[in-house]
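Written out below as structure tokens is the structure these notes cover.
There are 2 protein chains.
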Amino acid sequence: MRTAFYISDGTAITSEVFGHALLSLFPIEFEHVTIPFVETVDKALEVKKQINLVSKQSGEKPFVFHTFVKPETREIIDSSDAVIYNFLEHFVSPVEQELGIPAKPKSHRTHSIHENSYDYRIDAVNFALANDDGSKVTDYEHADVILVGVSRSGKTPSSLYLALQYGIKAANYPFTDDDMDELKLPPFLAKHKKKLFGLTIDPERLHDIRDGRRANSKYSSLRQCRMEIREVEKLYKKERINYINTTAFSVEEISAKIIADAGLHRYKY
Amino acid sequence: MRTAFYISDGTAITSEVFGHALLSLFPIEFEHVTIPFVETVDKALEVKKQINLVSKQSGEKPFVFHTFVKPETREIIDSSDAVIYNFLEHFVSPVEQELGIPAKPKSHRTHSIHENSYDYRIDAVNFALANDDGSKVTDYEHADVILVGVSRSGKTPSSLYLALQYGIKAANYPFTDDDMDELKLPPFLAKHKKKLFGLTIDPERLHDIRDGRRANSKYSSLRQCRMEIREVEKLYKKERINYINTTAFSVEEISAKIIADAGLHRYKY
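Chains as they are written, first to last, in my numbering: chain A, 1 to 269; chain B, 270 to 538.
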């Protein structure tokens, strides 16, 4: 298997996202190796040795995706026995020309605490945890969005992702079996109807997920899953609540759709 | 302020990460606009209109970073009145030549549920929540890593980030004032000493953070913060527990350092 290295003097997240997006266009598997915080010449020489060893042992030049601020470490990696993709550098000149100013690279700017969005994110994580799964229903005036849906439809991971990635304060509230006889919005949700965003999921997928937690229970039965989904979707339509079916989507996709559909303000880019 | 658009038929996360990394090399501010899920010709035409309007009203061509799989939508965006950076495409040919096979673009491959790492991530999020803040100390044999540290040193956001981004099962356990008289590892931690990773933080920063939660308390006093940090750092050294000072680092940086220093296996790339 061909090896792909993602290397940086920072987190290497940018290299990873770019390299992964590029390699995912090809229908073959890669061995992925991420090496963050290559901040010294010694460390860079060590990494170069590692790359050269892989090249020698496999007989195939590894791919290297890197972002470096300091030239002295970058040049060492560039001299490795590998196919190097210095993808940022390629675009720097065109942007310099377009903006009419020179680039001013600075370490740790992309994923660092110095973004002023940082405190928002930690606050948002604390908010998501305190307002997870209906554990608190009295603080919804501070929520940016309130996710609603049945148990295991993706509310908690989506709330946490919105908080960690975007600094968005997302509460979430579950509709349970007890609510189903005559499903309606409780007053604390009705009061914030504009903030509600519904999640739904195919009953078969919900049944699979619930069965993994409580096999052969009423909770996990396909009959129960079908009934709950039918009821919440009816509610979403009746109350004109925006909603999405999460079955085929990842947490990234669900979050991106919620932000776009609800027109949420992001605190972080 | 110059506008930068991040556009895609998927989440637009790849465009954002790349564009943000590139623009962060320049010491000026941008207005950022992300438009995900541009999947139809109609939607693409609407976005083109939006770009052209910004260009006309501001008198400056916006920057557009995009990733598209389908040529019919991409071509519409490419024909906008903007500076277009089709950054993936530029690198496709060199990789095709290197690998000797053609690219096979497919929608929603980069950030989609179809990665087999997906279930790991949801499991890891559930694990992090169930094992947050010492709420459960009996399941550490299933943890990939156990973060330890004093209250507000960054344990919870780091655990959640490790889970959501990498599928790593991270528990976390707090050392509290009651533990400080004679700080040592409780048996349930000592048993899993190899999995422990310590967080520390500058006492002044800790004091600031705690004061935001409980002003003028013993808990938030600088004296108390200094004492707790002194004690946990002493413990880390005595027990030879890997640790990092989180003061100057973002959640991304803390997580990347933990993965690198503890040699953790990632379930997602």
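The beta carbon of each residue, even a glycine, is placed where N, CA and C say it ideally should be.
This structure is a prediction, so every number in the text was calculated from the model and none was measured.
Pairwise C-alpha distance: residue j and residue i
{"i": "F197 of chain A", "j": "A128 of chain A", "result": "15 Å"}
{"i": "D278 of chain B", "j": "S250 of chain A", "result": "15 Å"}
{"i": "K506 of chain B", "j": "G423 of chain B", "result": "19 Å"}
{"i": "R479 of chain B", "j": "Y488 of chain B", "result": "7 Å"}
{"i": "E300 of chain B", "j": "A351 of chain B", "result": "14 Å"}
{"i": "S217 of chain A", "j": "H359 of chain B", "result": "53 Å"}
{"i": "L206 of chain A", "j": "I345 of chain B", "result": "38 Å"}
{"i": "L185 of chain A", "j": "T138 of chain A", "result": "15 Å"}
{"i": "E204 of chain A", "j": "H411 of chain B", "result": "29 Å"}
{"i": "K330 of chain B", "j": "L99 of chain A", "result": "10 Å"}
{"i": "I470 of chain B", "j": "A531 of chain B", "result": "19 Å"}
{"i": "L88 of chain A", "j": "F287 of chain B", "result": "8 Å"}
{"i": "D177 of chain A", "j": "N514 of chain B", "result": "46 Å"}
{"i": "P102 of chain A", "j": "V95 of chain A", "result": "9 Å"}
{"i": "N242 of chain A", "j": "V47 of chain A", "result": "49 Å"}
{"i": "A281 of chain B", "j": "K312 of chain B", "result": "15 Å"}
{"i": "D28 of chain A", "j": "N321 of chain B", "result": "Per the sequence shown, the amino acid found at residue 28 of chain A is Ile instead of Asp. Cα to Cα, I28 of chain A sits roughly 39 Å from N321 of chain B."}
{"i": "A484 of chain B", "j": "S524 of chain B", "result": "29 Å"}
{"i": "E231 of chain A", "j": "A440 of chain B", "result": "36 Å"}
{"i": "F334 of chain B", "j": "S93 of chain A", "result": "16 Å"}
{"i": "K169 of chain A", "j": "Y120 of chain A", "result": "9 Å"}
{"i": "A36 of chain A", "j": "P305 of chain B", "result": "It is Pro, not Ala, that sits at residue 36 of chain A in the sequence shown. Near 29 Å, if we compare the C-alpha coordinates of P305 of chain B and P36 of chain A."}
{"i": "M496 of chain B", "j": "T247 of chain A", "result": "49 Å"}
{"i": "E233 of chain A", "j": "G134 of chain A", "result": "19 Å"}
{"i": "D347 of chain B", "j": "V323 of chain B", "result": "15 Å"}
{"i": "F295 of chain B", "j": "K70 of chain A", "result": "16 Å"}
{"i": "K49 of chain A", "j": "K56 of chain A", "result": "10 Å"}
{"i": "K405 of chain B", "j": "A399 of chain B", "result": "7 Å"}
{"i": "D477 of chain B", "j": "D208 of chain A", "result": "46 Å"}
Member of the options whose CA lies at the smallest distance from the CA of residue i
{"i": "D450 of chain B", "options": "B:L458, B:R474, B:L475 and B:Q493", "result": "B:Q493"}
{"i": "D132 of chain A", "options": "A:R152, A:D119 and A:Y120", "result": "A:R152"}
{"i": "A21 of chain A", "options": "B:P340, B:L294 and B:N355", "result": "B:N355"}
{"i": "Y173 of chain A", "options": "A:Y166, A:F188, A:Q165 and A:A163", "result": "A:F188"}
{"i": "E72 of chain A", "options": "A:E96, A:T40, A:H66 and A:V92", "result": "A:T40"}
{"i": "I353 of chain B", "options": "B:Q434, B:Y275 and B:H461", "result": "B:Y275"}
{"i": "S24 of chain A", "options": "B:L292, B:A517, B:T283 and B:L431", "result": "B:T283"}
{"i": "V414 of chain B", "options": "B:R343, B:I527 and B:Y389", "result": "B:I527"}
{"i": "R125 of chain A", "options": "A:G149, A:K49 and A:T156", "result": "Per the sequence presented here, residue 125 of chain A reads as Val, with Arg not at that position. Residue A:T156 is the option with its Cα nearest to V125 of chain A."}
{"i": "S58 of chain A", "options": "A:S255, A:H192, A:M1 and A:I122", "result": "A:M1"}
{"i": "K460 of chain B", "options": "B:E522, B:P296 and B:Y409", "result": "B:Y409"}
{"i": "K193 of chain A", "options": "A:M227, A:Q97 and A:L147", "result": "A:L147"}
{"i": "L235 of chain A", "options": "A:F175, A:F63 and A:T67", "result": "A:F175"}
{"i": "K464 of chain B", "options": "B:G481, B:S349 and B:L533", "result": "B:L533"}
{"i": "L314 of chain B", "options": "B:K339, B:F295, B:V323 and B:S349", "result": "B:S349"}
{"i": "E522 of chain B", "options": "B:K373, B:S428, B:G403 and B:E497", "result": "B:S428"}
{"i": "F337 of chain B", "options": "B:L433, B:P374, B:D392 and B:G481", "result": "B:P374"}
{"i": "L162 of chain A", "options": "A:K56, A:Q50 and A:A260", "result": "A:A260"}
{"i": "V307 of chain B", "options": "B:I391, B:R343 and B:A517", "result": "B:R343"}
{"i": "D179 of chain A", "options": "A:D208, A:G212, A:I229 and A:A130", "result": "A:I229"}
{"i": "F332 of chain B", "options": "A:G134, A:K70, A:Q97 and A:F63", "result": "A:Q97"}
{"i": "G481 of chain B", "options": "A:K70, A:K56, A:D123 and A:D78", "result": "A:D123"}
Cross-strand partners of residue i (DSSP beta bridge)
{"i": "F360 of chain B", "result": "DSSP output for F360 of chain B lists no bridge partner at all."}
{"i": "A273 of chain B", "result": "B:H301 and B:F332"}
{"i": "A372 of chain B", "result": "DSSP, once it has assigned bridges, lists no residue as partnering A372 of chain B."}
{"i": "Y243 of chain A", "result": "A:G198"}
{"i": "L294 of chain B", "result": "Looking at the DSSP assignment, L294 of chain B forms no beta bridge with any residue, so it has no partner."}
{"i": "N441 of chain B", "result": "B:L416"}
{"i": "I84 of chain A", "result": "A:V64"}
Rounded distance between the beta-carbons of residue j and residue i, thought under 8 Å
{"i": "E16 of chain A", "j": "T3 of chain A", "result": "Actually they do not touch by this definition, with Cβ atoms about 14 Å apart."}
{"i": "R266 of chain A", "j": "G167 of chain A", "result": "7 Å"}
{"i": "G244 of chain B", "j": "L468 of chain B", "result": "No statement about residue 244 of chain B is possible, as the shown extent of chain B runs from 270 to 538 and does not include it."}
{"i": "L433 of chain B", "j": "L164 of chain A", "result": "6 Å"}
Practice task
Please list the segments of the alpha helix (DSSP H) lying wholly inside the segment 476-514 of chain B, counting only runs of 4 or more residues, in order along the chain.
Solution key: Here the runs fully enclosed are 491-507.
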